[in-house]
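Residue numbers (the UniProt record's numbering), protein chains in the order written: chain A, 1 to 186; chain B, 1 to 186; chain C, 1 to 186; chain D, 1 to 186; chain E, 1 to 186; chain F, 1 to 186; chain G, 1 to 186; chain H, 1 to 186; chain I, 1 to 186; chain J, 1 to 186. The beta carbon of each residue, even a glycine, is placed where N, CA and C say it ideally should be. Here is the structure we will look at, set down as structure tokens.
There are 10 protein chains.
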Amino acid sequence: MDYEKAQRGVRLLLEAVGEDPGSDALAETWQRRVPDALETLTAGQREAEKPTMRTFDAETTDLVVKTGIPVYSLCEHHLLPFFGTVHLAYRPTDEVVGLSKLTRYVRWQSRQLTMQEQLTNDIASGLEAELDAATVFVEMNATHLCEAMRGVETKSTTTTRATVGEPTEAERERFRAAVKRAGGQR
Amino acid sequence: MDYEKAQRGVRLLLEAVGEDPGSDALAETWQRRVPDALETLTAGQREAEKPTMRTFDAETTDLVVKTGIPVYSLCEHHLLPFFGTVHLAYRPTDEVVGLSKLTRYVRWQSRQLTMQEQLTNDIASGLEAELDAATVFVEMNATHLCEAMRGVETKSTTTTRATVGEPTEAERERFRAAVKRAGGQR
Amino acid sequence: MDYEKAQRGVRLLLEAVGEDPGSDALAETWQRRVPDALETLTAGQREAEKPTMRTFDAETTDLVVKTGIPVYSLCEHHLLPFFGTVHLAYRPTDEVVGLSKLTRYVRWQSRQLTMQEQLTNDIASGLEAELDAATVFVEMNATHLCEAMRGVETKSTTTTRATVGEPTEAERERFRAAVKRAGGQR
Amino acid sequence: MDYEKAQRGVRLLLEAVGEDPGSDALAETWQRRVPDALETLTAGQREAEKPTMRTFDAETTDLVVKTGIPVYSLCEHHLLPFFGTVHLAYRPTDEVVGLSKLTRYVRWQSRQLTMQEQLTNDIASGLEAELDAATVFVEMNATHLCEAMRGVETKSTTTTRATVGEPTEAERERFRAAVKRAGGQR
Amino acid sequence: MDYEKAQRGVRLLLEAVGEDPGSDALAETWQRRVPDALETLTAGQREAEKPTMRTFDAETTDLVVKTGIPVYSLCEHHLLPFFGTVHLAYRPTDEVVGLSKLTRYVRWQSRQLTMQEQLTNDIASGLEAELDAATVFVEMNATHLCEAMRGVETKSTTTTRATVGEPTEAERERFRAAVKRAGGQR
Amino acid sequence: MDYEKAQRGVRLLLEAVGEDPGSDALAETWQRRVPDALETLTAGQREAEKPTMRTFDAETTDLVVKTGIPVYSLCEHHLLPFFGTVHLAYRPTDEVVGLSKLTRYVRWQSRQLTMQEQLTNDIASGLEAELDAATVFVEMNATHLCEAMRGVETKSTTTTRATVGEPTEAERERFRAAVKRAGGQR
Amino acid sequence: MDYEKAQRGVRLLLEAVGEDPGSDALAETWQRRVPDALETLTAGQREAEKPTMRTFDAETTDLVVKTGIPVYSLCEHHLLPFFGTVHLAYRPTDEVVGLSKLTRYVRWQSRQLTMQEQLTNDIASGLEAELDAATVFVEMNATHLCEAMRGVETKSTTTTRATVGEPTEAERERFRAAVKRAGGQR
Amino acid sequence: MDYEKAQRGVRLLLEAVGEDPGSDALAETWQRRVPDALETLTAGQREAEKPTMRTFDAETTDLVVKTGIPVYSLCEHHLLPFFGTVHLAYRPTDEVVGLSKLTRYVRWQSRQLTMQEQLTNDIASGLEAELDAATVFVEMNATHLCEAMRGVETKSTTTTRATVGEPTEAERERFRAAVKRAGGQR
Amino acid sequence: MDYEKAQRGVRLLLEAVGEDPGSDALAETWQRRVPDALETLTAGQREAEKPTMRTFDAETTDLVVKTGIPVYSLCEHHLLPFFGTVHLAYRPTDEVVGLSKLTRYVRWQSRQLTMQEQLTNDIASGLEAELDAATVFVEMNATHLCEAMRGVETKSTTTTRATVGEPTEAERERFRAAVKRAGGQR
Amino acid sequence: MDYEKAQRGVRLLLEAVGEDPGSDALAETWQRRVPDALETLTAGQREAEKPTMRTFDAETTDLVVKTGIPVYSLCEHHLLPFFGTVHLAYRPTDEVVGLSKLTRYVRWQSRQLTMQEQLTNDIASGLEAELDAATVFVEMNATHLCEAMRGVETKSTTTTRATVGEPTEAERERFRAAVKRAGGQR
């Protein structure tokens with residue numbers, strides 16, 4: 001990331017809204033805090049920060065389902081956060097991935113300027129490639145601050161899903177049921 | 001809207017129920033407030049106020065589902081509000097619509113004198129035309145004050161649904177599940 | 001209703017349990033209150049009190065579902081109340097009925113000496129005739145005081161359903177889902 | 001109870017509302033079922049059916065609290081049931097009463113024609129006499145069918161309380177807290 | 001009520017928003033339905049429709065609390081409904097009022113053009129006069145459609161309370177606790 | 001607001017994170033959308049946009065409580081949103097303010113770069129000045145995205161309160177109870 | 001039941017655990033209370049105490065479902081209670097059984113030394129015989145004190161089901177849905 | 001425990017209710033299972049099985065509160081279980097007890113034939129002695145099967161409390177609050 | 001288990017993190033407590049500690065379902081606990097297993113160093129062998145402390161399932177429904 | 001931390017329980033993963049890793065309350081995790097601390113071998129020193145795996161609190177209320 005440009009950009013925004021970037025309260029805002037936050041929140045655009053997906057042997061070919069993964073991302077149109085929960089599943093072949101890696105991968109992917117529809121797809125196709133899995137399900141439920149804190153000023157939930165591979169009807173049903181049970185975690 | 005007629009109408013209603021339209025408390029009621037409110041609440045009858053439905057490229061053809069959109073409308077028989085929640089979904093082709101536009105469209109459509117059955121249909125067929133979408137689902141759950149605050153004086157929930165296009169069974173199931181999960185938002 | 005017979009009947013019951021019908025506290029009980037209540041609670045036996053079912057044009061042939069209608073009736077064996085909730089649905093042809101009429105019809109039908117199984121059937125077949133609807137669903141969940149306040153002294157829920165016409169599987173599913181969501185209203 | 005008078009009374013009521021007391025469905029209604037039910041539901045008017053309050057030695061002078069006792073009674077004005085929950089407490093001196101006796105006593109007292117305000121008082125003063133207790137608290141929350149199934153046709157909750165003796169502030173607080181926790185049992 | 005003026009007023013409003021008052025769908029709207037509704041919803045302005053408050057002897061001077069009374073009223077500034085729940089209590093002297101009368105009184109009072117703060121006060125002082133009660137508590141929680149369906153388009157809850165007389169601290173605590181328990185009924 | 005500076009600032013931020021501001025997807029982001037959003041979200045810094053606080057006569061000096069007002073603001077250190085719920089109360093003297101004005105005032109105040117502790121204070125002292133009220137309570141519960149979506153990556157709730165004037169203990173208790181009941185709205 | 005043997009048995013158990021059967025506290029335990037309880041709790045082993053299953057004419061062949069019947073039984077291996085809830089359904093032919101009889105039958109059957117799997121079967125086949133019903137469903141959810149209060153000292157739920165006859169898929173679905181809705185009653 | 005007497009006792013009970021103690025299903029019931037269970041469930045009568053209360057140094061004199069301890073005991077009158085939850089607290093002086101010891105102590109004490117009032121007292125005074133604590137609070141909420149599965153056949157909750165020492169008002173309040181929060185664990 | 005090696009290992013770990021194993025507070029930690037705990041928590045690796053699976057005759061071939069079994073295990077990669085709930089089912093042939101044995105078996109299996117995917121499989125195939133059952137379902141929902149208390153520091157739920165045999169669709173549906181109902185026990 | 005000692009210690013533990021530390025599955029367990037985890041989980045013993053507590057000017061001296069901070073720690077007796085939630089509050093003087101710092105401080109303190117009673121105290125006195133605050137409240141609710149997954153094998157909640165300074169009664173009440181509202185977050 002071009003840190004200096006980020007500093008200049010934030011400084012301009014502060015001036016634009018009539019704040020004094022030289023004040024005690026705001027000096028670190030543009031010198032350090034916002035640029036740092038921006039760097040973190042765009043990690044998903046840098047391949048080098050992608051988590052490695054370590055796998056282990058396991059005697060199972062049943063769907064592994066992980067629900068309730070918190071997700072935070074930035075809407076590329078208003079640079080405001082959207083956030084919610086991801087539920088996902090994959091069918092392991094001979095190996096299973098370390099469970100925390102699934103969470104790390106979602107976090108990494110979500111840290112970029114994007115749209116929810118696109119991000120859901122990117123997680124699903126990305127995991128398929130990483131895990132060499134025949135089947136991947138991803139469902140995301142999110143609230144968008146660009147809707148809630150300005151504009152229509154209304155809070156609703158957007159649900160997107162992406163499916164990779166050719167899951168059986170039984171697998172679809174299992175994912176559906178796990179997502180339903182995790183409903184309260186939204 | 002014919003503002004002056006609205007003023008006269010409200011004034012007559014106040015007189016009809018024995019109130020004094022010239023009193024301090026009620027002067028603005030007929031001069032400004034009710035006519036203004038009426039103008040807002042009938043925006044859906046004026047094509048010019050229809051929100052524009054800006055779209056964006058996205059690599060997805062999976063159903064986009066939006067649940068928990070608040071809806072308020074006026075029953076054309078008693079001019080009393082009915083209100084509740086709309087859940088909807090559409091299948092994007094090459095583009096997705098800005099998410100807040102779905103909420104805006106529902107709000108615009110609901111601002112007219114109508115019946116719940118008709119409004120549900122109007123939102124579904126309107127969205128299909130706007131989005132050029134092959135499939136649209138709309139479900140509305142509402143309480144009607146014309147039932148609750150007079151007449152039978154009983155509160156129940158009316159549920160209506162409209163489907164446009166030829167959704168697959170899997171899409172029907174996804175919409176059903178999302179609506180079920182959003183149940184608590186009614 | 002034969003008001004005078006009702007008065008004599010209540011008076012006898014008071015005497016039977018050792019109360020003095022002439023006392024200040026109980027005079028109006030047999031002279032006015034119980035006969036009045038009885039008249040109200042048997043309105044469903046008098047065709048003349050049936051609500052008229054006014055309909056309106058609407059562009060919809062989707063199922064209209066109404067859930068959470070409160071219902072109170074009298075068990076014909078113990079003359080004790082049973083009560084709970086009715087959920088119903090019908091498929092309109094070219095017209096929809098005023099929504100409050102559905103509630104009024106359920107209230108009217110339930111005001112007679114009957115059994116839950118019979119009442120559920122009567123509402124379904126009655127609505128079919130009134131609305132000339134091809135499909136009607138009625139589900140009733142009720143608690144019976146004849147079980148709860150005496151006898152087995154145990155509270156459970158009895159669920160009955162009646163279906164008129166030949167609904168599609170999709171319509172059955174929609175009714176099922178709406179009833180499920182309304183579960184908390186029992 | 002004068003069983004024969006009860007039979008005649010019920011028979012008159014059936015005739016009053018236009019039913020045939022000789023029909024198969026209704027014969028037992030007036031011959032056996034309603035008179036039996038009436039006998040049960042007025043047991044509280046007959047001293048002979050009062051439960052005996054057996055006590056046991058116990059090393060405790062702390063308040064014993066019993067929450068969530070179901071209660072069903074008959075309103076003396078409309079002969080319709082009112083029902084809900086009783087919470088009570090007493091301070092034992094050297095002996096505690098068998099716990100089920102408290103429930104039995106509430107049941108017995110509630111089986112008469114009465115008003116909620118009166119019944120609450122009767123239970124409190126009755127228990128004080130039976131248990132020779134220095135302090136008794138009784139709280140009743142009830143719904144009245146004479147309000148809900150006819151008349152205003154509206155369901156609300158009526159709460160009454162009676163206190164006998166001179167409880168300490170700490171005892172009041174304990175009863176309050178136990179009732180609050182039992183709130184969900186209403 | 002001046003029925004003919006009401007008809008003319010509604011007719012003008014329909015014309016003002018561009019509707020045709022002569023159409024099949026709307027003819028009864030201004031000829032019959034809205035004037036009727038208006039008459040009902042302003043009953044509280046007509047003394048003649050005030051319910052009579054019949055009382056009964058009872059051995060109790062403890063607070064009688066009634067929670068969860070539904071309330072619907074019309075905001076005098078926008079003629080839009082506000083609605084919610086009333087909880088109230090009074091200390092009887094030698095007599096208690098029929099419980100349904102409390103509900104009827106709240107319903108009658110709420111049927112006028114008013115503000116929530118004023119209505120709460122009117123119910124409290126009105127009940128004091130009717131019941132000749134030394135202490136009356138009234139609490140109202142309401143949602144205002146003039147806020148929710150237009151304007152700020154935001155739903156919040158407004159809570160008002162009025163107290164008449166000089167209640168003891170114990171009585172205040174009892175009312176508070178009963179209102180808290182009834183919280184879920186809002 | 002200096003719109004052109006805002007455009008330049010956003011453009012720099014996009015470049016800093018390696019995005020192309022000239023792309024189709026992002027052109028409007030810096031040209032229109034983010035500057036517009038920024039203007040809205042800093043309205044609280046511009047006195048001219050403060051809502052007028054229209055009042056009405058009312059016979060009440062009891063606390064008026066408003067709970068469940070949604071609030072969204074921007075943390076001045078990371079320019080990330082924090083949001084949650086405001087509950088507030090004031091004691092009217094001879095006049096009450098229009099209820100929606102309270103919501104509008106909270107919204108206006110929250111639209112600036114600030115800290116939760118400061119914002120809570122600003123709302124309380126601002127309302128006191130606007131309403132000329134002797135007593136104002138403000139409580140805010142919020143989640144901060146600068147904690148949740150980066151940094152400690154942990155979601156907790158921060159609660160702040162400000163009190164202006166000398167409320168009585170009874171008023172404190174009423175506010176406490178209303179906030180408690182509104183707890184589920186957090 | 002051999003009452004005297006029961007007395008001797010209980011006396012021996014008291015002695016075995018080192019209690020004095022002659023003490024004031026325990027005399028009635030073996031002389032009267034435990035033998036009485038045992039007699040009640042084994043009523044299901046005595047055909048003579050089986051409730052009669054009175055039926056009535058009704059125009060319905062739809063499934064009648066009864067959920068939330070409390071059940072208490074004794075595990076034949078540890079003589080400790082297991083308890084929970086029974087849900088059941090049957091398809092009436094020309095007659096329906098009095099609803100309280102279903103509860104009575106479950107109570108009678110459960111009062112014996114048995115296992116949950118066996119008891120579920122016994123209720124289903126017993127009801128089929130009693131009602132001459134073509135289809136009977138029984139589902140039981142129970143907690144076993146032999147697991148919870150000793151041994152593994154862990155509380156879990158055991159679910160058993162028995163189906164008699166050849167129900168249609170629609171009937172299976174209806175029973176499933178009713179049981180699901182009654183889930184909270186476990 | 002006198003194992004052989006226990007065997008004889010159980011055998012007699014089986015014979016009393018008409019079962020064959022020699023059958024395959026029941027042989028182990030009297031030979032092994034019930035005597036074993038009885039031994040476990042009366043451990044609290046044997047001092048030797050009392051858990052040792054190991055303590056550790058800690059810099060705290062604030063109340064340590066433990067909520068949600070499951071408790072199962074046997075009613076000495078019917079030999080049927082009563083069970084529920086214990087909440088307790090103590091003020092440590094220089095040392096704190098291992099947390100699991102509190103649970104073990106409650107379990108040990110509850111394993112005897114007793115009454116809830118007595119057991120609550122025994123736990124409180126026992127802990128005071130064991131921990132040499134100046135203040136101990138114990139609250140027990142329990143359901144009694146002797147009420148629920150026979151007799152009044154009604155389920156309610158009995159709450160007992162015992163306090164040892166002279167707690168401050170602040171300590172009472174803390175225990176109260178912790179118990180309230182643990183309410184859902186009942 | 002090699003107890004002495006375990007002692008040495010724990011001692012080394014204490015030294016590694018800079019603690020003094022000779023201190024009063026920690027002496028028993030390595031001498032007794034951790035080695036004991038380790039022995040318990042690896043019981044599943046020792047065949048000799050496997051519970052015997054005693055069976056009984058029963059007239060049932062319907063699925064027996066057991067939900068809500070608590071499970072605690074150790075992740076073999078970080079030696080940190082993962083825990084949650086197991087739901088399972090099996091179809092008995094001529095005999096049913098003692099219900100507590102299912103819980104014991106799950107507990108035994110889970111006490112080893114393993115992964116959730118593997119453990120789920122081991123329970124399913126182990127039960128099949130023990131019970132000679134044609135069909136076994138096992139579902140496990142767990143939280144992993146290696147994710148929650150370090151690393152991604154995020155709590156989500158992992159769901160795994162294993163199915164042995166060829167269950168019918170009806171059996172799959174029954175297991176699914178029972179698991180769904182037990183959802184709240186997670 | 002002495003990394004090499006940690007490796008040797010883990011290796012010994014694996015050998016002690018009969019595992020092969022040289023196996024593919026376990027090599028990294030002792031070489032890297034457990035030592036790393038241990039280092040993280042004992043950070044609280046190293047002053048150098050204490051977070052800096054940056055403060056900001058703010059016009060507030062009202063209590064700042066932060067609820068729902070997740071906490072994970074290691075019990076110094078069994079080296080098993082205990083975890084739950086911390087709620088805390090402090091009274092700022094002229095400056096407020098960055099909100100995320102409170103969470104960071106709790107996390108840092110909890111990462112050591114300790115007891116819940118001690119940890120609660122350490123957080124309170126540590127924060128007082130760091131913030132130079134006159135008043136600090138800390139409450140911790142936790143579950144201990146050393147109780148739940150072995151030993152008594154029972155899950156309960158332990159609640160500890162520490163107070164530093166001389167808070168007013170109003171401040172105590174505010175903290176109590178905030179903790180109560182956060183109850184569901186436990």
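Opening and closing residue of the beta strand (DSSP E) in which residue i lies
| i | result |
| --- | --- |
| ALA142/C | 136-144 |
| LYS5/D | From DSSP, LYS5/D is part of no beta strand (DSSP E) but of the alpha helix (DSSP H) over 3-16. |
| SER73/G | 64-75 |
| THR55/B | 55-57 |
Endpoints, the alpha helix (DSSP H) within which residue i is located
| i | result |
| --- | --- |
| SER110/E | 99-110 |
| THR159/A | Counting along the chain, THR159/A falls outside any alpha helix (DSSP H), though it belongs to the beta strand (DSSP E) covering 157-164. |
| ALA182/D | Here ALA182/D belongs to no alpha helix (DSSP H), and DSSP marks it neither H nor E. |
Bridge partner(s) assigned by DSSP for residue i
| i | result |
| --- | --- |
| LEU41/A | DSSP output for LEU41/A lists no bridge partner at all. |
| VAL127/F | Note on residue identity: the sequence assigns Leu, not Val, to residue 127/F. BP columns for LEU127/F are empty, so no partner. |
| LEU80/D | For LEU80/D, which the question treats as bridged, DSSP gives no partner whatsoever. |
Contacting positions in the region 52-86 of chain E - beta carbon closer than 8 Å to chain C: PHE56, ASP57
Are the region 152-160 of chain E and the region 169-184 of chain E in contact at 8 Å, needing three or more beta carbon pairs? no
Against chain D: residues of the region 25-36 of chain G by CB proximity under 8 Å: ALA25
Three-pair Cβ contact test at 8 Å for the region 59-78 of chain J versus the region 104-116 of chain J: Contact between the region 59-78 of chain J and the region 104-116 of chain J is established, with three or more Cβ pairs separated by less than 8 Å.
Check whether the region 27-47 of chain C and the region 85-96 of chain B are in contact - that is, three or more C-beta pairs closer than 8 Å. no
Check each residue of the region 90-113 of chain D: if its Cβ is closer than 8 Å to any Cβ of chain H, include it; give the result in chain order. PRO92, VAL96, GLY98, LEU99, SER100, THR103, ARG104, ARG107
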